[in-house]
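In the working numbering, the protein residues as written are 230 to 561.
In structure tokens:
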């Protein structure tokens with residue numbers, strides 16, 4: 230999300246809280262036509278009660294039915310992101326550090342991790358930066374045993390610092406104990422997505438086992454989340470080009486792809502992606518649809534045919550547009 234400094238504005242948002250009751254049964258991959266019919270079922274706004282006017286939320290990640298997300302709930306009226314869970318900020322910036330200005334884009338998996346001699350159940354990757362001009366974004370790790378109290382372990386992917394966007398928007402998968410870290414890279418030469426295989430059992434000494442670029446015949450890949458199930462890898466990401474207007478820095482449509490995957494790093498460089506859903510205004514009723522994530526279990530497996538999509542609308546000034554950021558859940 231593009232960041233610009235601005236003065237505090239009061240935008241009164243009247244939120245309707247919707248409780249979604251019911252379980253979504255997991256379905257194996259049918260034909261593309263059937264999938265388009267599936268995801269066009271009814272949707273609900275997930276308007277978690279916020280702190281009144283001047284508040285936004287976006288960049289969700291789902292793990293075992295729990296949703297962490299990015300919001301300025303702690304500082305209404307200011308563009309100062311924090312990572313939140315159940316309406317409370319659980320990860321904030323660190324003064325003087327590489328993530329002193331912003332933390333956002335969480336992704337979480339469970340596993341067996343140690344850091345400074347202590348054992349942890351959850352590993353989070355997140356975007357952090359120390360700049361105000363949307364450049365030099367980087368990726369770091371944090372660990373927890375309860376999704377609420379997090380200990381930062383440090384930066385894991387650094388920006389090239391060429392004056393461009395950097396790296397961020399991570400997505401983690403734990404596949405048989407092997408950690409796959411996907412992330413967007415924006416440099417002077419290209420915007421693309423990479424994935425690294427890591428041994429994160431000892432976070433004081435992370436072992437890098439390889440890195441490949443993830444590509445797609447339909448589009449270049451950015452802002453992607455991943456999930457796997459029964460030999461299939463799913464990807465949801467931006468759809469390019471972005472539309473013009475005041476919200477010209479986010480996608481109008483959220484794409485969903487699938488491809489066969491054997492669980493190896495090498496195969497991720499040559500995936501035969503098929504687009505199985507395209508979620509836009511006709512589905513959600515909103516101008517912009519972006520920063521999506523899958524409903525996943527603790528290891529990144531697809532737990533249901535549900536996608537969280539961040540929505541936004543052009544309603545006025547840049548800050549007023551920003552305060553329309555909310556979630557919608559969509560079946561696909």
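All C-beta atoms in this analysis are idealised placements derived from N, C-alpha and C, irrespective of residue type, glycine included. All values derive from a computational prediction rather than experimental measurement.
According to the neighbour-count rule (16 or more other Cβ atoms, all chains shown, within 10 Å of its Cβ), is residue i buried or exposed?
i           : result
residue 180 : Outside the shown range of the chain, which is 230 to 561, sits residue 180, and nothing can be said about it.
residue 442 : exposed
residue 346 : exposed
residue 487 : buried
residue 414 : buried
residue 546 : exposed
residue 458 : buried
residue 268 : Bear in mind that the predicted position of residue 268 carries a pLDDT of just 36, short of 50, making it unreliable; the figure below should be weighed with that in mind. Buried, by the Cβ-count rule.
Within its chain, find whatever has a CB closer than 8 Å to the CB of residue i; leave out the 5 residues flanking it on each side and keep chain order.
i           : result
residue 367 : 327, 328, 356, 357, 358, 384, 386, 387, 388, 395, 396, 397
residue 335 : 288, 290, 297, 298, 299, 312, 320, 353, 354, 355
residue 323 : 329, 381
residue 460 : 489, 490, 491
residue 338 : 292, 351, 352, 401, 402, 403, 408, 527, 528, 529
residue 550 : 475, 476, 541, 542, 543, 544
residue 471 : 477, 478, 479, 480, 481
residue 172 : The shown model of the chain, from 230 to 561, leaves out residue 172, and the question about it has no answer.
residue 405 : 492
Tell me which residues share the same chain as residue i and place their Cβ nearer than 7 Å to its Cβ, disregarding the 5 neighbours each side in the sequence.
i           : result
residue 263 : Residue confidence is low: residue 263 scores 43 on pLDDT, short of 50, so the model does not pin down where it sits. Its coordinate-derived value is still stated next. Contacts found: none.
residue 482 : 468, 507, 508, 509, 518
residue 520 : 287, 288, 452, 539
residue 285 : 300, 301, 551, 552, 554
residue 390 : 365
residue 416 : 389, 391, 393
Can you tell which of the options has its C-alpha closest to the C-alpha of residue i?
i           : options            : result
residue 449 : 408, 343, 423      : 423
residue 305 : 552, 380, 559, 497 : 552
residue 340 : 523, 432, 331      : 432
residue 407 : 435, 499, 415, 380 : 435
residue 560 : 535, 545, 482      : 535
residue 499 : 446, 428, 532, 301 : 446
residue 374 : 348, 420, 456, 546 : 348
residue 444 : 495, 417, 457      : 495
residue 378 : 524, 295, 413, 314 : 314
residue 454 : 427, 505, 485      : 485
residue 393 : 411, 419, 558      : 419
residue 515 : 558, 501, 531      : 558
residue 548 : 308, 425, 415      : 308
residue 504 : 531, 497, 464      : 464
residue 428 : 325, 487, 522, 344 : 344
residue 493 : 438, 295, 414, 370 : 438
residue 370 : 405, 430, 414, 421 : 430
residue 376 : 425, 295, 502      : 295
residue 522 : 325, 405, 456, 412 : 456
residue 502 : 531, 411, 462      : 462
residue 466 : 531, 421, 497, 425 : 421
residue 342 : 511, 412, 372      : 372
Here's a check: name, in chain order, each residue in its chain whose Cβ is nearer than 6 Å to the Cβ of residue i, leaving out the five neighbours to either side.
i           : result
residue 333 : 288, 299, 310, 356
residue 303 : 311, 318
residue 497 : 424, 441, 443
Following a CB-centred definition, is residue i positioned closer than 6 Å to any heavy atom of the ligand NAD?
i           : result
residue 501 : Annotation note on the ligand NAD: not contained in the displayed structure, which lists no ligands.
Beta strand (DSSP E) segments (min. 3 residues) lying fully within the stretch 368 to 401 = Qualifying beta strand (DSSP E) stretches, in chain order: 380 to 386.
With a floor of 3 residues, list each beta strand (DSSP E) that falls wholly inside the stretch 433 to 488, ordered by position along the chain.
-> The qualifying runs are 436 to 443, 454 to 458, 461 to 467.
Segments assigned beta strand (DSSP E), at least 3 residues, entirely inside the stretch 283 to 353 | Scanning the stretch 283 to 353 from its first residue to its last, the whole beta strand (DSSP E) runs of 3-plus residues come out as 286 to 292, 295 to 300, 311 to 314, 317 to 320, 331 to 344.
Contiguous alpha helix (DSSP H) assignments of at least 4 residues, all confined to the stretch 486 to 554 | Segments of the alpha helix (DSSP H) lying fully in the stretch 486 to 554: 510 to 513, 547 to 551.
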